[in-house]
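A quick write-up on the structure given underneath.
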Amino acid sequence: MPASLDRTGHAGPGGRQGVGRLAWLMPALVAVLAAAGCGTAASGATQATAGLTAKCQAAQSSMLATVPGFVTLFRQAVPALPGDPGAHLSRPQESTQYVCGESNGFVADDMMHGKYRAQDNALARSLGYTLGRLPLLPYIGPAVTTDPHGVFEAYESAYGFRSVTAAGKWLTSARRTPVRPDDLTVPLPPSFIARTDVFGPNDGRHEHRIGISGLIGTTAVVVSFNGGRGLSWRDIQAIWQSAYSRLRHCLGSAAKTA
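Residue numbers (the numbering used here): 2 to 259.
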């Protein structure tokens, strides 16, 4: 994903589209498995960089589809490897090994249409945004405290590489540090870690996040849940396990036929 994305649907001051406040490493996940079967997609322009052919294993059919209780923000291909030059991400050697990617985002109904939308609109106006179809995200407001275990946003991305080594190097650079104090000690597959953080001050109004990242074969998977201040592993465990099972099945099948 780009360093920042405008998924808000708001036009900023002066009629310019506002810059979204989503961190780049914030793709993620929601609540059900896609009903479609596994599939592969055509690889992007990065294929020609190395003068090789490679199947894209990161297909939408291996990811989550529509989710009850959530509205789709976006479902998109990622033709260029996301990176943050300031953090030395997307280095040339990983870029030349990148094949393709997919990214999905979802927002809870309560944030899109429900009881928290009016408050979100008021915040958008105060910041000089013109109201659009989508709410201003990440969310800032009372729901962080009143719904402490709620999941407000969910994102999922899969980035396919030509080799496990290239995928691993990119993921290592994206994580920046191998171990952090906010790493969660939870049951995860090998190579996967879960981390927590807050989008701003821990004041009961800024969303908390649980981010999960790891490798499935030659694909780097990055998942993120944003929600209330009490967001815990218990709140997302079943969703994560279902999504991981789908990814593992589809990406593993694709690897066998590559």
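Note that beta-carbon positions come from the ideal geometry of N, C-alpha and C, so glycine has one too.
Here the structure is a predicted model, which means the values were calculated and not measured.
By the neighbour-count definition (other C-beta atoms within 10 Å, threshold 16), Ala239 is an exposed residue. The bridge partners DSSP lists for Asp198 are Arg210. Ranking His114, Val224, Val68, Asp148 by CA distance to the CA of Arg176 puts Val224 first. DSSP places Tyr160 within a strand segment (E or B) once states are collapsed to three. Judged by their CB atoms, Asp204 and Ile194 are not nearer to each other than the 8 Å cut-off. Under the three-state reduction of DSSP, Leu82 is assigned to coil, being neither helix nor strand. With a 10 Å radius around the Cβ and a threshold of 16 neighbouring Cβ atoms, Thr220 comes out buried. When rounded, the separation of the alpha-carbon atoms in Ala144 and Gly229 is 7 Å. Boundaries of the alpha helix (DSSP H) around Val165: 165-176.
Under the DSSP assignment, Val145 falls in the alpha helix (DSSP H) whose first and last residues are 144-147. DSSP lists no beta-bridge partner residue for Ala125.
Closest by C-alpha distance to Tyr140, out of Met112, Tyr160, Ala155, Lys116, is Met112. For Thr73, DSSP records a beta bridge to Phe107. For the set Ala155, Thr166, Thr173, His207, the Cα lying nearest the Cα of Val72 is the one of Ala155. Approximately 5 Å separates the beta-carbon atoms of Gly102 and Ala59; this is inside 8 Å, confirming the contact.
Just measuring C-alpha positions, the residue of Pro182, Gly115, Ser214, Thr197 sitting nearest Pro190 is Ser214. For Phe107 and Ala167, the gap between their C-alpha atoms comes out near 29 Å. Exposure of Arg134 is indicated by the presence of fewer than 16 other C-beta atoms within 10 angstroms of its C-beta. No Cβ-Cβ contact shorter than 8 Å links His209 with Gly201.
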